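Position one of the sequence shown corresponds to residue 109 (my numbering), numbered consecutively onward.
Cβ atoms here follow ideal geometry from the backbone N, Cα and C, with glycine treated the same way.
Keep in mind it's a predicted model, so treat the numbers as computed, not measured.
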Amino acid sequence: MSWIFFAIAAPALYAASNFVDKFLIEKRVRDPMILAVLGGFSTCLTGLGILVFRGFPGVPSNQLFYLLLAGVLFEVAIVPWYKAISVEDVSRVAPLGQAIPVIVLILSYLFLGERLAEKQLLGFLFILAGGFLLSVKTFGKGIFKARKALWYMLAASSLFAIPLVLFKFVSLEQGFWGSLAYEFIGGGIGALVLFLYVVFSRRPNFREEIVQTRFGTWAIIGSNEALYIFSRVLNFYAIALASVSLVTVFGGFQPFFMLGFGLILSRWFPNVVKEDVEKKTLALKLAAIVLIFAGVWFINK
Numbered sequence: 109m110s111w112i113f114f115a116i117a118a119p120a121l122y123a124a125s126n127f128v129d130k131f132l133i134e135k136r137v138r139d140p141m142i143l144a145v146l147g148g149f150s151t152c153l154t155g156l157g158i159l160v161f162r163g164f165p166g167v168p169s170n171q172l173f174y175l176l177l178a179g180v181l182f183e184v185a186i187v188p189w190y191k192a193i194s195v196e197d198v199s200r201v202a203p204l205g206q207a208i209p210v211i212v213l214i215l216s217y218l219f220l221g222e223r224l225a226e227k228q229l230l231g232f233l234f235i236l237a238g239g240f241l242l243s244v245k246t247f248g249k250g251i252f253k254a255r256k257a258l259w260y261m262l263a264a265s266s267l268f269a270i271p272l273v274l275f276k277f278v279s280l281e282q283g284f285w286g287s288l289a290y291e292f293i294g295g296g297i298g299a300l301v302l303f304l305y306v307v308f309s310r311r312p313n314f315r316e317e318i319v320q321t322r323f324g325t326w327a328i329i330g331s332n333e334a335l336y337i338f339s340r341v342l343n344f345y346a347i348a349l350a351s352v353s354l355v356t357v358f359g360g361f362q363p364f365f366m367l368g369f370g371l372i373l374s375r376w377f378p379n380v381v382k383e384d385v386e387k388k389t390l391a392l393k394l395a396a397i398v399l400i401f402a403g404v405w406f407i408n409k
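Here you go:
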């Protein structure tokens, strides 16, 4: 099966998981850091499970360090992301996340020696532009203004991008499953770092909220973590099969799926999700979708 299928399926599941996160944060869980910590520990357990069932591969110490570091960075990236949305409106912060594939493109060129053909690079730019347009709610001069949220998002984007390149680097020699397992275990270490951050920042009611969370909420959280982990497995599998820069730019499909899911949920569950369906907005989104699929066509040609 083509790597493109996995590269597109991953952001589809990410998008679905994001809607569940949104529901949990708005309706059930007051402190989103709880979800981040639980997510890291869940990925760690998954990594340990992979090792139990598939064996413990011998990985050189330097490559093991890279994988564990990748997992840690992926988890702690949530801190500058939360900082960014705490000082700026989400609609102005989200488009800055499109810096991730650009950072990956640069890092993969420098450290992996990846080179994109002309049509692949053109497709990369098309998908990048489409993903940016889908993320933008309103245009304004302030989107790229050097404000505090911009630096937080650049930090978050870098912390999300570096693990992808590290995983690709190690998986070229160690294979997919062993690399995935140790990266996931690194996520558990990252979750521990986040937990200590919460403790030392004296976040109010963190422990009380965990204790008071109802069984139904835990069931939703558990199901969503399974969905999130599966999406990461698909994403890393695509990276193992193809260029990490091309796979990463396919993350531009996530706003596309967010839009589609949002329109469906707005129709059937208007009290939960309300998507902007004005003609002007939909026209912009349609143009962005055309750019994205044109990019896929160039890459796959």
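Item, Value
"With distance defined between alpha-carbon atoms, name the residue in 280, 337 and 324 nearest to residue 349.", "280"
"Taking the alpha helix (DSSP H) that residue 137 falls in, what are its first and last residues?", "Element bounds for residue 137: n/a, residue is neither H nor E."
"I need the straight-line Cα distance from residue 261 to residue 208, nearest angstrom please.", "10 Å"
"Leaving out five residues before and five after residue 159 in sequence, what residues of the same chain have Cβ atoms less than 7 Å from its Cβ?", "289"
"Pairing CB atoms from the segment 159-176 with CB atoms from the segment 314-328, are three or more of them under 8 Å?", "no"
"Taking Cβ positions, are residue 155 and residue 292 nearer each other than 8 Å?", "yes"
"For residue 294 versus residue 215, is the C-beta distance shorter than 8 Å?", "no"
"Do the segment 331-347 and the segment 362-379 touch if we need at least three Cβ pairs shorter than 8 Å?", "no"
"Assuming residue 195 and residue 257 make a contact with CB atoms under 8 Å, what is their CB distance in whole Å?", "5 Å"
"Buried or exposed for residue 406, going by 16 or more other Cβ atoms inside 10 Å?", "buried"
"For residue 270 and residue 213, which I take to be in contact (beta-carbon distance under 8 Å), what is that distance rounded to the nearest angstrom?", "Not confirmed; about 13 Å, so no contact."
"Suppose contacts are defined by Cβ-Cβ distances below 8 Å. Is residue 355 in contact with residue 120 by that definition?", "no"
"Starting from residue 51, follow the alpha helix (DSSP H) in both directions and report where the run begins and ends.", "Past the edges of the chain, shown from 109 to 409, lies residue 51, and the structure says nothing about it."
"Residue 372: buried (16+ other C-beta within 10 angstroms of its C-beta) or exposed?", "exposed"
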